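First comes the structure, then the notes that go with it.
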Amino acid sequence: MATTETPGPARPAEPSGGVHAPGRAAIAARHLRTDRWWLAPAVTATVLTVFVVYSTWRAFANADYYAAPYISPYYSPCIATDCVNMRGGADLQIFGPWWGLSPALLVLIFPLGFRLTCYYYRKAYYRGFWAAPPACAVAEPHGKYTGETRFPLILQNVHRYFFYFALVFAVILTYDAALGFRDAAGHWGHMGLGTVVLLVNVALIWVYTLSCHSCRHIIGGRLKNFSKHPVRYRMWGWVGRLTAHHMALAWGSLVMVAVADLYVYLVASGAFADPTFF
Amino acid sequence: MTRVERHTYDVVVVGAGGAGLRAAIEAREQGLRTAVICKSLFGKAHTVMAEGGIAASMGNANPHDNWQVHFRDTMRGGKFLNHWRMAELHAKEAPDRVWELETWGALFDRTKDGRISQRNFGGHEYARLAHVGDRTGLELIRTLQQKIVSLQQEDHARCGDYEDRLRVFQECTVTRVLKDEETFRAEGGRGGRVAGVFGYVRESGRFFVIEAPAVVLATGGIGKSFKVTSNSWEYTGDGHALALLAGAPLINMEFVQFHPTGMVWPPSVKGILVTESVRGDGGVLRNSDGKRFMFDYIPDVFKEKYAQSEEEADGWYADPENHRRPPELLPRDEVARAINSEVKAGRGSPHGGVFLDVSTRLPAEEIKRRLPSMHHQFKELADVDITAEPMEVGPTCHYVMGGVDVDPDSAAATGVPGLFAAGEVAGGMHGSNRLGGNSLSDLLVFGRRAGLHAAEYAAELDDDRPRVSAEQVDTAAAEALRPFSVEGGEPGAPGVPAENPYALHQELQQTMNDLVGIIRRAGEMSEALHRLGSLRERSRSAGVEGHRQFNPGWHLAIDLRNMLLVSECVARAALERTESRGGHTRDDYPEMDRRWRKTNLVCELADRSGELAAVDPSAGQIRLSRRDMPPIRGDLLALFEKDELLKYLTDEELGT
Amino acid sequence: MSAAPAPKAADGSAAYIGRFKVWRGDADGGELKDFEVEVNEGEVVLDIIHRLQATQAHDLAVRWNCKAGKCGSCSAEINGQPRLMCMTRMSVFAPDETVTVTPMRAFPVVRDLVTDVSFNYTKAREIPSFVPPPGVGLGEYRMRQEDVGRSQEFRKCIECFLCQNTCHVVRDHEENKAAFAGPRFLMRIAELDMHPLDAAEEAGLDRKSAAQDEHGLGYCNITKCCTEVCPENIKITDNALIPLKERAVDRKYDPLVWLGNRIRRR
């Protein structure tokens, strides 16, 4: 099957380790699954690759990220002096003119880190890119496996700090979305398709962030006795209900954040005029 | 001499269900070296199938509950055939045994104030069953298993060996209880002290002998002798047969409980249990006319205790103080007979059962919360959503009330020093019918007692320990190996194919199901005895192919001996008892007879040597005798109203 | 009864002759053997194996017990998927599909469909047991339903060991077996750590750190196969393993929590 050709530190399929270890049932095939088990990791890898390519281009582009009143989520907050002037927006000019690269690179590291260490994305890319394992009961091609026991993967344990940052970002993006109710001149009382796009985006960012497993733990999971903390217990229940959909929310918000950026790009580059509702 | 693996322990427990594990824990805590032998993997015993709960009068749900009430319910449920002392010990000790589980890590469902929640069950006056959803048996077995692991960890910390004083022999089957060499000969083969057990390792087929002065039988029941049963393959009556072969008598073997609600469709799952909690939590039984037929089947002895109308019955769930119980919660024998009658009268469901409906009684979410594994079971196995449609159910062979005749206090088997029995394999505790929830408490109470007294017995022996003779081991090994050397129908007659043990087993199940089932007639039972005789003869030529390593055909051929012995006990005792009582219903003697109340039927091996080969096949292997029960202690009798006692006890017994 | 009948075979009858490949052999070798067996309405894979035993292969070794999905004995791999044979209905396969049944492939095989699962019992012994709270007598335990709920979910485990079998950490890497307890027993640690009355901490035992330091929690890369195969639908990853990882982080990698604990202790 496909797994034997997977590149990387591949171990040939001769009977030696894993399902072919001595003593186990002597079955030559590395797996006997008859369903389309490869579909999910293939889709995962494809979508993530497309997203990474698109986002890399947009992050380095340093252009067309602001179309008043809309700011691309890739560039918010904008914390370099060479950011375009965003009326009332989160441009904070912390980094001086010495920063010659795109300002997106300064901030994207946080949402990137949040998603990279996310308990769902870990599953997705371990399966999709690493093939560890490619699918359940399908032998993986690696000769050795240490999981998250040592550097660098032991760093996955810092997920909760990225969660704290993600909260800050969610607040900033909420602010950005609110600014979408102003027109290009800065007067309140505007709403365009871009407003809706940013609202949907920030809503998905919020539910994805709150559905985080670290959040569930901090809210109440770490308690031994729920009965002594009724409020946190109830909140833990709510978060738990979101956490059950963490995968769907992860994909939803991933696609939406790219769509939001793309929308701003299209409007900013003049390819598309933002339809205004009022 | 046969090559066998040998071990020496102080106490050997045969069986690793609730009773066996509880006995082993107790023996080990007394400081004795203990071995547990289980037929399947550790933690898979049939106890995991128990769903409803553990009956114990903790009084958490209703403060009026106490051991006297529990005792009364147990005696009523068993139609006063229970050994009163066992029922008394059981009712008194059950709460401690349940609480003890909590200290070992069990997590029962809780009441609002944090105590163990208790649920209603058939025959119990108050909500009394400690439970965990509908998987109480799993919680029980897992807790005991983990307690054993914790004791092993203690030993490991002390001496570096997990199995220093407590070892579990997984996937091993015992085929003989061995006797002390000297006394065995001196008493003509039958008597003599226990010296250990002989068995085989299922995985490798190798034989082993564990020498031990005390053996606790905790092997469970006999359900695999019947076609429609809730019991697993393990329930082949091993302990019953081992006791008989060791010279110990069995009592009450005519009483076999048919659980009223087993699955009836699809055929492959026919017999699998539908927990009584479905009814305890509001489920009702209806026939094909949609009628709640149980109101028509309330027997006179229970008239005052059960509701006469649907309104009254429905009020009981919320307000049990001012309403009488719904008749769906009558003892199991009554409900099983009622279902049987409805189906016979042509008012059954399409697949030959009746409807058990909880979908119109509780909201879907509530059903899923209270009966999660039932929901899962029907969804997965029958494609039925019990929150939306009724289940189809019918009686299934569930439990044998009969078993090894034991001393109530010590669980020691009659007449065989060193042999103990606890749990389903022991007889007397439940009389003619067991109440739901009383089996798990029985396992704990008498499992502990058996372990304690086996340990005391073994400890007192000092150097005077029994010894196993090589001759006995050789005989046992030859017996176990016979299926491999069978060539044809007649030993030595080539060309005739050997009997297929699977086919023999199916015929046995069909015979017991059809002829000694839920409703019995003299003619049918005589016919059953006749057929059992011929099956026994044919089983001597049951042959198997392959080799000894994990060979299920061989295992079944060996188990057939036990099932045939036990089936004969059931059939003989059932034919003898000319009345209907609890788990024994005679079409030709439909009434309960007070004169039979104080009589136990005792089964013993006809050939006292324990050698099965010598017996004339037509005569059978079991000798039946009658024995009077000890009179019930006065203060316990005083717990009942005189009027009620009159229904059960003869005038002489009441001293009037 | 309103139960939906199993899909009918092509010729309209409920019974058909199914094609099966069943692995037969032992530790020295073996092969997939072809069988043709009758399949009836409503049957599960274990029924077919039993029919094989009774009619064609009397000595076919299979481990089973309750046949109702409650004991977790009949674990095997069906068309390469780890499953309980008693809970896999034949109706999920097309009548013309060849169904392959093999033993679990993460454990040494004993014979035919029976594997040596002693790895799991060894691991079970390495997990420190429940520590009862000192000074609380029989009948004095008080626990709220909301406090026992989490651990109760994990105690639904029937120990079928399908999660242990599927987990690539040991399935694909025999050498990891010594260091890794497996999902079932990491879940056991989570169960005890969430037990409202477990007094391990007071007795000087830190289950959270031990999970990572001694039982190999770090090997888990949360790829969720344990949850996918669990016949009891326990959310092993979401509710046990990830919370346990977070608890280990509390102990080992979170200065905020550490600081908070220091201040509160003052």
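Chains as they are written, first to last, in numbering that gives the first Met the number 0: chain A, 0 to 277; chain B, 0 to 655; chain C, 0 to 265. For every residue, glycine included, the Cβ atom is placed at its ideal position computed from N, Cα and C. Computed from a prediction, not measured in an experiment: that's the story for all the values here.
- Along the length of the region 364 to 419 of chain B, whole beta strand (DSSP E) runs at least 3 residues long occupy 390 to 399, reported in chain order.
- A distance below 8 Å between beta-carbons, with the five flanking residues on each side excluded, links B:Ile271 to the following residues of its chain, in chain order: Ser229, Gly261, Met262, Gln376, Leu380, Thr395.
- The continuous beta strand (DSSP E) containing B:Phe207 extends over residues 206 to 210.
- No Cβ of chain C is located within less than 8 Å of the beta carbon of A:Ser75.
- Between B:Arg331 and B:Gly121 the beta-carbon gap is near 6 Å, inside 8 Å, which marks them as a contact.
- Rounded to the nearest whole angstrom, the CA to CA distance from B:Arg585 to B:Leu249 is 21 Å.
- Listed along chain C, the residues sitting closer than 8 Å to A:Leu31 by beta-carbon distance are Glu76, Asn78, Gly79, Thr99, Thr101.
- Proximity to A:Leu209 across A:Phe271, A:Leu222, A:Ala169 peaks at A:Ala169, based on C-alpha coordinates.
- If you draw a straight line from the Cα of B:Leu514 to the Cα of B:Gly17, it comes to about 31 Å.
- Neighbourhood of C:Met84 in chain B, by CB distance below 7 Å: empty, with the nearest CB roughly 12 Å away.
- A check of alpha carbon separations from C:Phe179 across C:Glu40, C:Val108, C:Ile126, C:Gln151 identifies C:Ile126 as the nearest.
- Sorting B:Phe639, B:Ala469, B:Gly132, B:Leu284 by C-alpha distance to the C-alpha of B:Val342 places B:Leu284 at the top.
- Following the DSSP letters along the chain, one finds B:Lys641 inside the alpha helix (DSSP H) bounded by residues 641 to 647.
- Neighbours of C:Thr87 across chain A, judged by C-beta separation under 9 Å, do not exist; the nearest C-beta is about 14 Å away.
- Taking 8 Å as the threshold, the shortest C-beta distance from B:Asp108 to chain C falls below it.
- Straight-line spacing of the CA atoms in A:Thr33 and C:Phe34 works out to 19 Å.
- In the structure shown, the three-state DSSP call for B:Asp627 is strand.
- Across the region 227 to 261 of chain C, CB contacts with chain A closer than 9 Å involve Glu227, Val228, Lys234, Thr236, Asp237, Asn238, Ile241, Pro242, Lys244, Glu245, Arg246, Ala247, Val248, Asp249, Lys251, Tyr252, Asp253, Leu255, Val256, in sequence order along the chain.
- Chain order gives the chain C residues near A:Thr242 as Asp237, where near means a beta carbon separation below 7 Å.
- With a contact defined as Cβ atoms closer than 8 Å, B:Ala457 and B:Leu31 qualify at about 6 Å.
- For B:Gln117, the secondary structure class from DSSP, reduced to helix, strand or coil, is strand.
- A Cβ of chain C is located within less than 8 Å of the beta carbon of B:Ile271.
- In terms of beta-carbon proximity, A:Cys135 lines the interface with chain C, with at least one pair separated by less than 8 Å.
- Looking at the DSSP output, B:Arg84 sits in no beta bridge, so it has no partner there.
- In the structure shown, C:Gln151 falls within a helical segment according to DSSP collapsed to helix, strand and coil.
- Per the DSSP secondary-structure output, C:Lys32 pairs in a beta bridge with C:Val21.
- Look at the region 40 to 55 of chain B: the residues with a C-beta under 9 Å from a C-beta of chain C are Leu40, Phe41, Gly42, Lys43, Ala44, His45, Val47, Met48, Glu50.
- Taking C-alpha positions only, B:Glu603 is separated from B:Ala247 by approximately 7 Å.
- Your pair C:Asn78 and A:Leu198 does not check out as a contact, with CB atoms roughly 46 Å apart and the cut at 8 Å.
- About 20 Å separates the beta carbons of B:Leu555 and B:Leu243, which is beyond the 8 Å limit, so they are not a contact pair.
- Spanning the alpha carbons of A:Phe161 and A:Ala89 requires a straight line of approximately 20 Å.
- At least 8 Å separates the CB of A:Val258 from every CB of chain C.
- Residue ranges of uninterrupted alpha helix (DSSP H) with 4 or more members, entirely inside the region 298 to 336 of chain B and ordered along the chain, are 309 to 317.
- Chain A places a beta carbon closer than 8 Å to that of C:Lys223, counting this residue as a contact.
- Neighbours of C:Thr121 in chain A, taken as residues whose beta carbon is under 8 Å from its own, are absent, since the nearest beta carbon is some 15 Å off.
- Ranking B:Ile221, B:Thr598, B:Leu80 by CA distance to the CA of B:Val399 puts B:Ile221 first.
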